[in-house]
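My numbering puts the first residue of the sequence shown at 130, with every later residue one more than the last.
Even for Gly, the Cβ is constructed at its ideal location relative to N, Cα and C.
Remember, it's a predicted structure, so these values are computed and weren't measured experimentally.
The structure appears below as structure tokens.
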Amino acid sequence: MPNINPMVSTIVQQIMVTENDTAAWRRELIRNHIFDAQEAKDLSEREISLIHHALLTQRFSQMSSDELLQEAKKQKLQYHVQLETDQFQMGAVCY
130 MPNINPMVST IVQQIMVTEN DTAAWRRELI RNHIFDAQEA KDLSEREISL
180 IHHALLTQRF SQMSSDELLQ EAKKQKLQYH VQLETDQFQM GAVCY
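Take a look at the structure:
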């Protein structure tokens, strides 16, 4: 099983937290012909959430780094990195 890009995981988590609308996710599954209306209705909220998470992960895993950065900006994701002096110097030398 291939590893998932940490950026993908972060974006998906952000979307899951900010959207958190299982009814909308259920409608999306029907609209995209993944499930018919009755099948989607029979799914629990937990199942809908897991399916939505998997679909987002699949979609974002196929994106390029530039597309992921655009999506991170769209989701207003911010990373805070604190490097110690030695780590910063090693990174600068490696770069």
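Legend entry - Outcome for L158 when other beta-carbon atoms lying within 10 angstroms are tallied against a minimum of 16: As a working note, residue 158 is residue 29 in the sequence shown. So L158 ends up on the buried side.
Inset, instruction - State the Cα-Cα distance for the pair L185 and V141, rounded to the nearest angstrom. - result: Stepping through the sequence shown from its first residue, residue 185 is reached at position 56. Stepping through the sequence shown from its first residue, residue 141 is reached at position 12. Cα to Cα, L185 sits roughly 6 Å from V141.
Legend entry - Contact check, G182 vs W154, beta carbons under 7 Å: Position 53 of the sequence shown holds residue 182. Position 25 of the sequence shown holds residue 154. As written in the sequence, residue 182 is His, which differs from the Gly given in the question. No, Cβ-Cβ distance for H182 and W154 is not below 7 Å.
Legend entry - Spatial distance of I177 from E213 (CA atoms): Sequence index remark: in the sequence shown, residue 177 carries index 48 (1-based). Sequence index remark: in the sequence shown, residue 213 carries index 84 (1-based). Cα to Cα, the separation comes out at about 42 Å.
Legend entry - S173 in three-state terms, based on DSSP: Counting from one through the sequence shown, the residue named residue 173 turns up at place 44. Coil at S173, not helix or strand.
Legend entry - Assigned exposure category for A152 - 16 Cβ within 10 Å defines buried: Against the sequence shown, residue 152 aligns to sequence position 23. Its Cβ having fewer than 16 others within 10 Å, A152 is exposed.
Inset, instruction - Mind listing, in chain order, the continuous alpha helix (DSSP H) runs of no fewer than 4 residues lying wholly within the stretch 157-203? - result: Residue ranges of uninterrupted alpha helix (DSSP H) with 4 or more members, entirely inside the stretch 157-203 and ordered along the chain, are 166-171, 174-190 and 194-203.
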